[in-house]
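The working numbering numbers the first residue of the sequence shown as 1 and each following residue consecutively.
So the structure is just underneath, and the comments pick up after that.
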Amino acid sequence: MARRDKSDPTLEQIHAYALEVCGDRGLRVAQTVGDGATDEKIEKKTKFKVAEIRAVLNQLHEHGIVEYTREKNLENGWFTYTWRINPDRAMRNFLSAKKQQHQKLMRQMAGEESKLFYSCRRKCMRIAFDDAMESDFRCPECQGKMRFASNDGELKALEQKISALEQILLPTHNGFQSPEA
Ligand SMILES: [Zn+2]
């Protein structure tokens, strides 16, 4: 087993990305693929069904996490696929996905900061001041009276998510030098 992989920050992030886009199975397959593995080897190691492995590999491939080479068996005409992690492309896609998440959260943050929110006592929903005024400060769900609801909690949660993403997006933390840097 390649122990060195354990402390490779780039690989760790690629695995996290595989988990994010493809769940536990995606992570497991990405870990198994490593520097190169055939479908057969992946099947043996993961004990997943071949069809599942193929579906996961296709998804990982779509996100640029894995690449493959194929070789034709001259006797039976079948192709053998060898899969491997494509670290550069995986990291580029990973970082651009994180950048998009970051932008989305910043927009959410701006929305939270610029609006006053109202909610009923049962917390059916949280609506902005304008909408609350339109419904006469009555909850559209339960008709209960709506009151000002502090969004400190939401703001704090957003701040935490944003700063976690910023940690990842710092080149010193993601261990990845983009070509144009
Ligand atoms: Zn309500």
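Every residue, glycine too, gets a C-beta built ideally from N, C-alpha and C.
Inset, instruction - Give the DSSP-derived three-state secondary structure of Ile85 in the structure shown. - result: Correct three-state label for Ile85: strand.
Inset, instruction - List the whole-angstrom C-beta distance separating Met109 from Leu169, where the pair is believed to meet the contact cut-off of C-beta under 8 Å. - result: Their Cβ separation, rounded to whole angstroms, is 16 Å, which puts Met109 and Leu169 out of contact at 8 Å.
Legend entry - For Val66: DSSP bridge partner residues: Paired residues: Ile85.
Legend entry - Stretch-stretch touch, CB-based, cutoff 8 Å, three pairs: the stretch 81 to 91 with the stretch 8 to 19: Yes, they touch.
Inset, instruction - Can you have a look at Ala51 and say buried or exposed, based on whether 16 or more other CB atoms are within 10 angstroms of its CB? - result: With fewer than 16 other Cβ atoms from the protein chains shown falling within 10 Å of its own Cβ, Ala51 counts as exposed.
Inset, instruction - Please work out which residues of its chain come closer than 6 Å, Cβ to Cβ, to Arg70, disregarding the five sequence neighbours upstream and downstream, and give them in chain order. - result: Phe79, Tyr81.
Legend entry - CB of Cys22 within 8 Å of CB of Leu60, strictly: Less than 8 Å divides the Cβ of Cys22 from the Cβ of Leu60.
Legend entry - C-beta atoms of Arg126 and Ser119 nearer than 8 Å: Cβ atoms of Arg126 and Ser119: closer than 8 Å.
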